[in-house]
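Let me begin by presenting the structure, written as structure tokens, before commenting on it.
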Amino acid sequence: MTAPAAPAYRRLSVEERRTQLLDAALTLFAHRAPEDVSLDDVAAAAGVSRPLVYRYFRGGKQELYEAALRSAADELELCFTEPPVGPPTARLGRVLDRYLAFVDQHDAGFSALLQGGSVCETSRTTAMVDEVRRAAAEQILLHIGTGRSATGRSTRKPTGARLRMMVRTWIAAVESASLIWLDEGKQPPAAELRDWLVDHLIALLVATAATDEETAGAVDALMSYERPDGPVATLAHRVIPRVNGAAQGLEPASARPGADRGTGPGASPGTGGRPGRPGRP
967 MTAPAAPAYR RLSVEERRTQ LLDAALTLFA HRAPEDVSLD DVAAAAGVSR PLVYRYFRGG
1027 KQELYEAALR SAADELELCF TEPPVGPPTA RLGRVLDRYL AFVDQHDAGF SALLQGGSVC
1087 ETSRTTAMVD EVRRAAAEQI LLHIGTGRSA TGRSTRKPTG ARLRMMVRTW IAAVESASLI
1147 WLDEGKQPPA AELRDWLVDH LIALLVATAA TDEETAGAVD ALMSYERPDG PVATLAHRVI
1207 PRVNGAAQGL EPASARPGAD RGTGPGASPG TGGRPGRPGR P
């Protein structure tokens, strides 16, 4: 009786071996802080020797971490890339679905990446994170900051400071919400968090449009693509009654029904509706 043949060893190309090591590192960095991952851990996860890891990453763990981070940053940037087709809020929902899936899969590594403070953090790693943020802002502005002509050609103009600041503020809020979501055991469910973040952007757009003409124009253009049963309409139906009620409560007394001169509660003749004060002659 003969023993089963061992699987044939296949020599990997340089690119294949590098990819294998990066995949192993990314898996470890996804669930553990960078300082808690050693080259021995990466070698064991990849099924190779420690000297082989050094052969491909002569700068040791720092070089491997930066290469893994570059790979993760490229993947994260792709999360924000969405064809300009369909209602903008539907596009945004798909972007957030991919983003939250990335956060879910990278877990502890994502927290370490955004919160900083790692011994592996350098000016280069910080620049990679900032690059992702800028790319995300550009993608969001592409969808909400411009319209498109009938031929599909972009009609985008340089974005003003207010609209750009609003988008970057929203992206910072998305990052914070993601970290809190992880800290809260990934509750509420990702779909609920996605819808809330879409509502958040709509609210920021409307609030900014109240005092910025460029944002107001972007909102008008965005509305023309939205559906009557979409996120914008749903949010409006929920918010408008509350806003109207609050607005009525904040009206000056003279503008309220029954507050005409001399007819308000407790008013005396000649008081102009002010109770308890004698009118002037």
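For the sequence shown, the numbering used here assigns the number 967 to the initial residue and increments by one for each residue that follows.
Note that the Cβ used here is the ideal one computed from N, Cα and C, for glycine as well.
Nothing here was measured: the structure is a model prediction, and the numbers come from that model.
If you ignore the 5 residues before and after Ala1101, its C-beta comes within less than 6 Å of the C-beta of Glu1043, all in its own chain and listed in chain order.
Selection Glu1141, Ala990 and Leu978 evaluated against Phe1068 yields Glu1141 as nearest (Cα-Cα). Boundaries of the alpha helix (DSSP H) around Val1205: Pro1197 to Gly1215.
Counting along the chain, the unbroken alpha helix (DSSP H) around Thr985 starts and ends at Val980 to His997. A check of alpha carbon separations from Glu1192 across Thr1177, Arg1204 and Ile1110 identifies Ile1110 as the nearest. In this structure, DSSP gives Ala1184 a helical state, which the three-state scheme calls helix. The C-alpha of Gly1052 is placed about 47 Å away from the C-alpha of Arg977. For Phe995, the closest C-alpha among the options Lys1027, Val1019, Ile1106 and Trp1162 is that of Lys1027. In the DSSP assignment, Thr1135 falls within the unbroken alpha helix (DSSP H) covering Ala1127 to Asp1149. Shown here, Phe1076 sits in a helix according to DSSP, grouped into three states. As the crow flies, the alpha-carbon of Val1008 is around 8 Å from that of Val1019. The three-state reading of DSSP puts Lys1152 in coil, since its state is none of H, G, I, E or B. Shown here for Ala1182: same chain residues with a beta carbon closer than 6 Å to its own, the five before and five after excluded, namely Ala1175 in chain order.
Leu1188 and Met1132 do not touch by the CB rule: their CB atoms are close to 13 Å apart, not below 8 Å.
Each of Asp1178, Pro1194, Ala1038 and Asp1161 was checked against the Cα of Val1061, and the nearest Cα belongs to Asp1161.
Counting only unbroken stretches of 3 or more residues, no beta strand (DSSP E) element lies wholly within the stretch 1016-1067. Collapsing the DSSP output to three states places Arg1160 in a helix.
Across the structure, Glu982 and Ala1034 are spaced so that their CA atoms are roughly 15 Å apart.
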